[in-house]
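Respectively, the protein sequence lines represent chains A, B and C.
Quick note, the first sequence lines up with residues 1 to 258 if you use UniProt numbering.
Quick note, the second sequence lines up with residues 1 to 313 if you use UniProt numbering.
Quick note, the third sequence lines up with residues 1 to 294 if you use UniProt numbering.
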Amino acid sequence: MAKQIEVSDLDAYYGSHKAIEGISMTIEPRSVTAFIGPSGCGKSTFLRTLNRMHEVIPGARVEGKVRLEDQDLYGPSVDPVSVRRTIGMVFQRPNPFPTMSIFDNVAAGLKLNGRFSKSQLEGVVEESLKGANLWNEVKTRLNKPGAGLSGGQQQRLCIARAIAVRPQVLLMDEPCSALDPISTLAIEDLISELKQEFTIVIVTHNMQQAARVSEKTAFFNLAAQGQPGKLIEMDETSKIFTNPTQKATEDYITGRFG
Amino acid sequence: MRRPAFRRSRGDGPFRFLSTASGIVLLVIMAAIGVFLVVKAIPALQANTSHFLTELTWNPNATQPVFGIGALAFGTLISSFIALIIATPVAVGVALFISHYAPRRLASALGYLVDLLAAVPSVVYGLWGVAFLVPFMLSPSSFLNKYFAWIPIFGGDQVVGKSMLTASLVLAIMILPIIAAISREVFLQAPRIQEEAALALGATRWEMIRMAVLPFGRPGVITAALLGLGRAMGETIAVALIFPATFTISFRILSANGNSIAANIANGFGEATPIGRGALIASGLVLFLITLLVNTAARLVIARRKEYARAAA
Amino acid sequence: MTVVTGIQPISAGRRVKDRAVQALVYLAFAIAVVPLVSVLWLVIRNGLKRFDIEFLTHSMRNIGARDAGGGAYHAIIGTLEQVLLASLIAVPIGLLTAIYLVEYGNGGRLSRIVSFFVDVMTGVPSVVSGLFILAFWILALGMPFSGFAGALALSILMMPTVVRSAEEMLRLVPNELREASYALGVPKWRSIVKVVLPTAFTGIVTGVMLAVARVAGETAPLLLVVFSTDSINNDPFNGPQMGLPLYVFDQASRPNDTAIDRAWAGALTLILIIMLLNLVARLISWWRSPAKRG
Ligand SMILES: Nc1ncnc2c1ncn2[C@@H]1O[C@H](COP(=O)(O)OP(=O)(O)OP(=O)(O)O)[C@@H](O)[C@H]1O
Ligand SMILES: [Mg+2]
Numbered sequence: 001m002a003k004q005i006e007v008s009d010l011d012a013y014y015g016s017h018k019a020i021e022g023i024s025m026t027i028e029p030r031s032v033t034a035f036i037g038p039s040g041c042g043k044s045t046f047l048r049t050l051n052r053m054h055e056v057i058p059g060a061r062v063e064g065k066v067r068l069e070d071q072d073l074y075g076p077s078v079d080p081v082s083v084r085r086t087i088g089m090v091f092q093r094p095n096p097f098p099t100m101s102i103f104d105n106v107a108a109g110l111k112l113n114g115r116f117s118k119s120q121l122e123g124v125v126e127e128s129l130k131g132a133n134l135w136n137e138v139k140t141r142l143n144k145p146g147a148g149l150s151g152g153q154q155q156r157l158c159i160a161r162a163i164a165v166r167p168q169v170l171l172m173d174e175p176c177s178a179l180d181p182i183s184t185l186a187i188e189d190l191i192s193e194l195k196q197e198f199t200i201v202i203v204t205h206n207m208q209q210a211a212r213v214s215e216k217t218a219f220f221n222l223a224a225q226g227q228p229g230k231l232i233e234m235d236e237t238s239k240i241f242t243n244p245t246q247k248a249t250e251d252y253i254t255g256r257f258g
Numbered sequence: 001m002r003r004p005a006f007r008r009s010r011g012d013g014p015f016r017f018l019s020t021a022s023g024i025v026l027l028v029i030m031a032a033i034g035v036f037l038v039v040k041a042i043p044a045l046q047a048n049t050s051h052f053l054t055e056l057t058w059n060p061n062a063t064q065p066v067f068g069i070g071a072l073a074f075g076t077l078i079s080s081f082i083a084l085i086i087a088t089p090v091a092v093g094v095a096l097f098i099s100h101y102a103p104r105r106l107a108s109a110l111g112y113l114v115d116l117l118a119a120v121p122s123v124v125y126g127l128w129g130v131a132f133l134v135p136f137m138l139s140p141s142s143f144l145n146k147y148f149a150w151i152p153i154f155g156g157d158q159v160v161g162k163s164m165l166t167a168s169l170v171l172a173i174m175i176l177p178i179i180a181a182i183s184r185e186v187f188l189q190a191p192r193i194q195e196e197a198a199l200a201l202g203a204t205r206w207e208m209i210r211m212a213v214l215p216f217g218r219p220g221v222i223t224a225a226l227l228g229l230g231r232a233m234g235e236t237i238a239v240a241l242i243f244p245a246t247f248t249i250s251f252r253i254l255s256a257n258g259n260s261i262a263a264n265i266a267n268g269f270g271e272a273t274p275i276g277r278g279a280l281i282a283s284g285l286v287l288f289l290i291t292l293l294v295n296t297a298a299r300l301v302i303a304r305r306k307e308y309a310r311a312a313a
Numbered sequence: 001m002t003v004v005t006g007i008q009p010i011s012a013g014r015r016v017k018d019r020a021v022q023a024l025v026y027l028a029f030a031i032a033v034v035p036l037v038s039v040l041w042l043v044i045r046n047g048l049k050r051f052d053i054e055f056l057t058h059s060m061r062n063i064g065a066r067d068a069g070g071g072a073y074h075a076i077i078g079t080l081e082q083v084l085l086a087s088l089i090a091v092p093i094g095l096l097t098a099i100y101l102v103e104y105g106n107g108g109r110l111s112r113i114v115s116f117f118v119d120v121m122t123g124v125p126s127v128v129s130g131l132f133i134l135a136f137w138i139l140a141l142g143m144p145f146s147g148f149a150g151a152l153a154l155s156i157l158m159m160p161t162v163v164r165s166a167e168e169m170l171r172l173v174p175n176e177l178r179e180a181s182y183a184l185g186v187p188k189w190r191s192i193v194k195v196v197l198p199t200a201f202t203g204i205v206t207g208v209m210l211a212v213a214r215v216a217g218e219t220a221p222l223l224l225v226v227f228s229t230d231s232i233n234n235d236p237f238n239g240p241q242m243g244l245p246l247y248v249f250d251q252a253s254r255p256n257d258t259a260i261d262r263a264w265a266g267a268l269t270l271i272l273i274i275m276l277l278n279l280v281a282r283l284i285s286w287w288r289s290p291a292k293r294g
């Protein structure tokens, strides 16, 4: 089910402000790709162009191509709703639906996509919660509100919700930045498991995390404040962290800026 | 909000006193409204030869005064509820249009257009109602009466323009802006992160609204509707010109019946004797209490909502 | 589970539902605008028939029941005086109450009660405030029907609006401004008068004008405590005085066409006054924050 993503010469704008420019890359299936770079260089913006979430911001638009295998995501006949259904997303801040129970949160995406019997739903919810390593903690209180969980649990609930619809790609924007170290570890373990099945892209500010979980790493940077962000280099994670080609990458990784 | 601590300084006393006193003046006014309405209603209530709460007719000017709030309270409640039923769905639609559908650049201008509806004075709606809506409503009312008479409210032998339905329609137009404005504000406050969560799951715009906006906005919409209900009940001049001013209890909203406490005050004040004035004041007291109740309920819903928002944060 | 590959379009049912809701939402907006357009159109079309110099400069004295001619001069004068007096009462009390709530209340018990009743007061129907002034001012104190009595009733309707808008503006004044002033040893009341109020001034003016626009069209209180007259009465403290909304109501209740024409012209005058107040209020608030609107 996992798919390769190919991006060519992509620019993204907020109104007249160009946030990222000329990005081309290939994201491999069944692997984890990490995006790193200083704050404001456009990592989140780029990530959101991969499932057409960028354009939900008023005035935002995209130029360039993103292909999932052989389909152009920005093709004229492609419905952004179905793109988002195919390419799931987990956000920086956990955002379960506060009025829904844990069960309904996980089932929310499925219920959109057709009728399922109660037992089918129960099966998928259990499977997804197990997949998100949350099942054991919540199995006795599936009917309680999702907002009653801890931050780390809420984030895993959001992951369960995202994987319940069986997406082909999972995008994660700093999924651990609001979490404590234990929850962070739980989610990193989860990412390693999920990559058996999904193509995963993760934005992170944590170098160790990128090194621990990812196969490929992409480094983004801005030439100067107010300039659009660019992809500086992308390679095997081990190579980026030990022997980067670009001076800027090395400076960033060794903590000389950013 | 915390204010920085400060030393009490010279000259501050009188100013603090004045502003505190103003706040208290407001409370005194509210209490005085209740007290003076009661005091001036009592003589009339004592002269009444019937039971005020259950009597339907309104003859306080007779030598043997007979009057009661029954038919008036009924008309007030029914016309306001019909207005609410008509106005709320439209207002929620308008609010969604401005918060989630209209192009960003136009949204605030279009919102202002709806606010303008609220700026039109009641008496102008009354005039419009009498001159335009009353004759205009004849044919749709006849249609309803002809084909839907099996629904009791549309039954009856004669159909008139000056009906409960027409009055309710004017009320609906008048309360629409307030319901729309409050709903719009709460819809705009719906948390962006949950809207994005829904969209990222592959929800269409409507599904996103159903998952992330409406559940969040529901208490706000309820409050808005209650405030609109309070407005409709107290609305006077527009309906005074339209209601046929009968004193009966009937659910036939197309026929010549209908009245309200407020309309009766406006229509009956001119010819009222001292006892008649007292009777009108008594009916005003009932209106005051009902609107007080409705408004307090509206505030309580909002107060609960704050706690809920804090719990969800 | 079926193996899905590629991007699957969403079902037709979901797409149709989405479109249907969109259509309904647009329709709701159209429905809301129809009465506005209809009211404004009729007021302008019918109002222009009699919206002339005579209308604006003459009263109704000596105009017989079926006569044409006559005007609303007495009513315009009355409304301006009544609204001005109402503002003179409501603005100081409302403003001071807002200062109490923001600067002195400190969220204590009294301030919470005051705040709650300000909300409740917003819901007092205009006819009830008229009845209150009738019961208190005219029946209990034995005062005459007068423009001033009407102003009292209108001021009750204005107060909560003034409090809320002033409160909102005062809360927008940054705390640093207050602190800077206190740090200089300026007494609190002087800081409020010299620093806080001027900063919030235009916002408060906007709020007051919107409150004025709201009560300028109120009819019911005038009906109960001002009483109508066909003559010019420049003295708001003595005797019946016409008001513009009351004039419209009065003329609209008369059965002949000449009166109805005057009612429309009166409605046009009233709407023009209210729209002007609204417009000026918006302009002031726009001018106050050109940067914010960007
Ligand atoms: N909603 C928005 N409207 C306008 N400009 C935006 C918006 N979101 C981001 N930007 C701009 O786009 C640029 C890239 O932002 P982005 O959030 O993608 O950076 P980032 O690399 O994710 O930063 P961080 O590491 O802090 O999350 C920044 O200059 C930012 O100011
Ligand atoms: Mg980011």
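Ideal Cβ placement from N, Cα and C applies to all residues, glycine included.
Fair warning: this is a prediction, and the values are worked out from it, not measured in the lab.
In the DSSP assignment, what residue or residues form a beta bridge with residue i?
i: A:L10; result: A:I23
i: A:I87; result: A:V169
i: A:G229; result: A:I20 and A:L222
i: A:F97; result: The partner list for A:F97 (beta bridge, DSSP) is empty, contrary to what the question assumes.
i: A:P145; result: A:S101
i: A:V32; result: A:I200
i: A:Q71; result: A:L68
i: B:V66; result: B:N59
i: A:A60; result: A:Y14
For residue i, which residues in chain C fall below 7 Å Cβ to Cβ?
i: A:V125; result: Going along chain C, no residue has its Cβ under 7 Å from A:V125, so there is no contact; the nearest lies around 14 Å.
i: A:D79; result: P9 and I10
Measure how close the beta-carbons of residue i and residue j come, nearest whole angstrom, since I'm counting them as under 8 Å.
i: B:V221; j: B:V39; result: Contact doesn't hold; Cβ gap of about 39 Å is too wide.
i: C:A265; j: C:K49; result: 7 Å
i: C:I7; j: A:S82; result: 5 Å
i: A:L157; j: A:N105; result: 6 Å
i: C:V25; j: B:Y101; result: 5 Å
i: B:I275; j: B:N61; result: 7 Å
Excluding the 5 residues flanking residue i on each side, which residues of the same chain have their C-beta closer than 6 Å to its C-beta?
i: A:G229; result: I20, C41, G42, F220 and L222
i: A:F35; result: K43, V203 and A218
i: residue 327 of chain B; result: As shown, chain B starts at 1 and ends at 313. That puts residue 327 of chain B outside it, with no answer to give.
i: residue 312 of chain C; result: Here chain C comprises residues numbered 1 to 294, so residue 312 of chain C is not present and cannot be evaluated.
Within a Cβ cutoff of 7 Å, which residues of the same chain sit near residue i, ignoring the five residues on either side of it in sequence?
i: B:R7; result: Caution applies to B:R7, whose pLDDT of 49 falls short of 50 and renders its modelled position unreliable; the value that the coordinates give is listed next. Excluding residues within five positions, none has a Cβ falling inside 7 Å.
i: C:P245; result: G217, E218, T219, L222 and L270
i: C:A259; result: Q251
i: A:F103; result: V125, L142 and N143
Kindly list, in the order they appear in chain A, the residues whose Cβ is closer than 7 Å to that of residue i.
i: B:I193; result: F91, R93 and N95
i: B:A212; result: F97
Leaving out five residues before and five after residue i in sequence, what residues of the same chain have Cβ atoms less than 8 Å from its Cβ?
i: A:F257; result: P38 and D251
i: C:T229; result: H74, G239, P240, Q241 and M242
i: A:V90; result: Q155, C158, I159, A162, L170, L171, M172, D173 and P175
Please compile the residues from chain A whose C-beta is within a distance smaller than 9 Å of the C-beta of residue i.
i: B:R104; result: P58 and G59
i: B:P215; result: F97, P98, T99 and M100
Can you pull the chain A neighbours of residue i, defined as C-beta to C-beta under 8 Å?
i: C:Q8; result: S82, R85 and T86
Against residue i, what residues of chain B qualify as contacts under a CB-to-CB distance less than 8 Å, listed in chain order?
i: C:A263; result: L127
Name the chain C residues whose beta carbon is nearer than 9 Å to that of residue i?
i: B:R205; result: D18, V21 and Q22
Along chain B, in chain order, which residues have C-beta atoms closer than 7 Å to that of residue i?
i: A:R30; result: Neighbours of A:R30 on chain B: none; closest Cβ ~21 Å, over 7 Å.
List the residues of chain C whose Cβ lies closer than 8 Å to the Cβ of residue i, in chain order.
i: A:G114; result: S11
i: B:Y147; result: Result: empty, since nearest Cβ-Cβ is about 22 Å, beyond 8 Å.
Interface residues of chain B around residue i at Cβ under 9 Å?
i: C:A140; result: F36, V39 and K40
For the region 205-233 of chain C, enumerate the residues whose C-beta is nearer than 7 Å to any C-beta of chain B, in chain order.
A213, G217, T219, A220, L223 and L224
What residues in the region 21-32 of chain B have a beta carbon less than 7 Å from any beta carbon of chain C?
Interface annotation for the region 21-32 of chain B against chain C: S22, G23, V25, L26, L27, I29, M30 and A32, criterion Cβ-Cβ distance under 7 Å.
Against chain C: residues of the region 61-75 of chain A by CB proximity under 9 Å
The residues in question are L68, E69, D70, Q71 and L73.
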